[in-house]
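Let me begin by presenting the structure, written as structure tokens, before commenting on it.
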Amino acid sequence: MSGTPALASSLSYEIPDEYRSFFTPAQAEELATQFRISDADGSGSIDEREFRALLTRMGQQISAAEADALVASIDVNGDGLLDFAELVQMIVRLQRGDTKLAALRKFMEALDTTPVALLEREAAKFGLQVVYKLVEDGADDVAPNSEPSEFLQMQLELVGKVCGPTGRESVSAMGKTTREAKFKAAEAALVKIKNLQPGLAVQPGELPKQWENWLVANIERGASVKKLMQTLTQKGFLLTGNLPLMQEISTRASSYRLRTKVGMEWVGKGFLGGIHSS
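Okay, so the sequence shown: first residue is 1 according to UniProt numbering, each after it adds one.
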């Protein structure tokens with residue numbers, strides 16, 4: 001299938017409605033971007049060589065013979081080429097556990113580890129909305145030598161209660177392409193999220209389940225309760241007024257200390273018993 005620049009500019013790589021539930025927005029965007037890069041002639045389809053190059057960019061090394069066999073397995077209409085819809089179906093089959101495509105697991109993992117995908121997951125934990133905005137060229141984008149800047153600027157906003165009084169945190173980043181600028185903005189936002197206070201999003205005395213699980217797991221590992229409480233305070237959680245919760249924390253810490261003490265006594269008795277028997 002041949003293509004033209006006009007066709008390339010009009011192509012839209014959209015996930016078919018029946019498969020959208022299998023993809024996060026970040027996964028869908030990255031898949032479309034990778035397909036667009038591979039579809040160099042803008043025909044809307046890629047051949048075995050282009051498919052193999054796509055997999056290589058995603059960290060998936062396979063031989064030409066393996067790539068040819070995969071294309072034959074994925075190529076629904078039998079024309080020897082892959083269009084975007086067929087690539088989408090490949091991912092769906094992967095997620096459904098199709099053993100014929102097990103070798104492509106790294107491809108799926110790569111879709112999940114872009115900065116945009118990582119930010120998507122972190123933002124969900126904090127109940128944050130992520131808004132990207134490409135800053136249009138203007139007076140500020142002109143370099144000192146009066147020539148337009150070669151870089152694009154991406155503005156990213158995190159919106160949610162954990163962002164404090166304004167409910168918003170902003171970062172921006174530059175890149176030579178929209179994708180590069182977006183990735184850099186997402187990386188900056190991931191750093192920003194680490195400093196947010198999720199406790200601001202809940203009522204005083206309330207500790208969300210995921211943070212309760214974190215607290216319990218650390219107590220069971222023998223971490224200092226004092227330091228754990230300091231961390232929760234830094235995260236904006238005000239727990240001292242929740243007497244039942246504070247009592248539960250104290251009881252769990254005491255239980256851990258008792259179990260540890262008993263365990264050490266048994267170890268000591270076993271050691272001494274071994275000495276006496278020898």
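Cβ coordinates follow ideal geometry from the N, Cα and C atoms, glycine included. The model shown is predicted, which means the values in this text are computed figures rather than measured ones.
Status (buried if at least 16 other CB within 10 Å, exposed otherwise) for residue i
{"i": "Lys-100", "result": "exposed"}
{"i": "Ala-67", "result": "buried"}
{"i": "Asp-39", "result": "buried"}
{"i": "Leu-243", "result": "exposed"}
{"i": "Leu-158", "result": "buried"}
{"i": "Gln-129", "result": "exposed"}
{"i": "Glu-50", "result": "buried"}
{"i": "Pro-144", "result": "Residue placement at Pro-144 cannot be trusted, given a pLDDT of 47 that sits under 50; what the coordinates show is reported in the next sentence. Burial call: exposed."}
Cutoff 6 Å; reference residue i; Cβ partners in own chain excluding five residues on either side
{"i": "Ala-124", "result": "none"}
{"i": "Ala-32", "result": "Tyr-13"}
{"i": "Ile-193", "result": "Glu-122"}
{"i": "Asp-47", "result": "Leu-81"}
{"i": "Arg-259", "result": "none"}
Cβ distance (whole Å) where residue i is taken to contact residue j below 8 Å
{"i": "Gly-199", "j": "Lys-226", "result": "No, Gly-199 and Lys-226 are not in contact; Cβ-Cβ is about 18 Å, not under 8 Å."}
{"i": "Gly-80", "j": "Phe-126", "result": "No, Gly-80 and Phe-126 are not in contact; Cβ-Cβ is about 46 Å, not under 8 Å."}
{"i": "Val-116", "j": "Glu-29", "result": "7 Å"}
{"i": "Ala-185", "j": "Val-162", "result": "Not a contact, Cβ separation roughly 19 Å."}
{"i": "Val-71", "j": "Leu-82", "result": "6 Å"}
{"i": "Ala-65", "j": "Arg-52", "result": "Actually they are not in contact, since the Cβ atoms of Ala-65 and Arg-52 sit about 10 Å apart, beyond 8 Å."}
Same chain, Cβ closer than 8 Å to residue i, neighbours up to 5 away in sequence not counted
{"i": "Ile-37", "result": "Leu-54, Arg-57"}
{"i": "Leu-228", "result": "Leu-215, Asn-218, Ile-219"}
{"i": "Pro-16", "result": "Ala-85, Val-88"}
{"i": "Gln-95", "result": "Phe-22, Met-108"}
{"i": "Leu-238", "result": "Gly-199, Pro-204, Gly-205"}
{"i": "Leu-245", "result": "Gly-205, Leu-207, Leu-239"}
Straight-line gap, residue i to residue j (C-alpha atoms, nearest Å)
{"i": "Ser-43", "j": "Gln-153", "result": "30 Å"}
{"i": "Ser-45", "j": "Gln-210", "result": "44 Å"}
{"i": "Arg-121", "j": "Val-131", "result": "14 Å"}
{"i": "Leu-104", "j": "Ser-73", "result": "13 Å"}
{"i": "Asp-141", "j": "Lys-182", "result": "Because Asp-141 carries a pLDDT of 48, less than 50, the predicted location of this residue cannot be relied on, and the following value inherits that uncertainty. Going by the C-alpha atoms only, they are around 17 Å apart."}
{"i": "Gly-241", "j": "Pro-204", "result": "8 Å"}
{"i": "Ala-201", "j": "Thr-231", "result": "16 Å"}
{"i": "Ala-102", "j": "Ser-254", "result": "47 Å"}
{"i": "Lys-133", "j": "Arg-20", "result": "23 Å"}
{"i": "Lys-261", "j": "Asp-112", "result": "43 Å"}
{"i": "Glu-150", "j": "Lys-176", "result": "6 Å"}
{"i": "Gln-197", "j": "Glu-136", "result": "32 Å"}
{"i": "Val-76", "j": "Ala-69", "result": "13 Å"}
{"i": "Gln-27", "j": "Leu-118", "result": "10 Å"}
{"i": "Gly-78", "j": "Glu-187", "result": "41 Å"}
{"i": "residue 280", "j": "Leu-156", "result": "Since the first residue shown for the chain is 1 and the last is 278, residue 280 is missing from the structure and cannot be characterised."}
{"i": "Thr-178", "j": "Phe-35", "result": "16 Å"}
{"i": "Ser-250", "j": "Asn-195", "result": "27 Å"}
{"i": "Gly-97", "j": "Glu-18", "result": "18 Å"}
7 Å CB neighbourhood of residue i in its chain, flanking five on each side removed
{"i": "residue 295", "result": "The structure shown does not extend to residue 295, since the chain spans only 1 to 278, so no value can be given for it."}
{"i": "Arg-252", "result": "Val-216, Ile-219"}
Legend entry - 3 or more residues per run - each beta strand (DSSP E) lying fully within the UniProt domain "DRBM" (114-195): 129-135, 152-159, 168-175
Inset, instruction - Could I get the ranges of all uninterrupted alpha helix (DSSP H) runs contained in the region 62-122, with 4 residues as the minimum, in chain order? - result: 64-74, 84-95, 105-112
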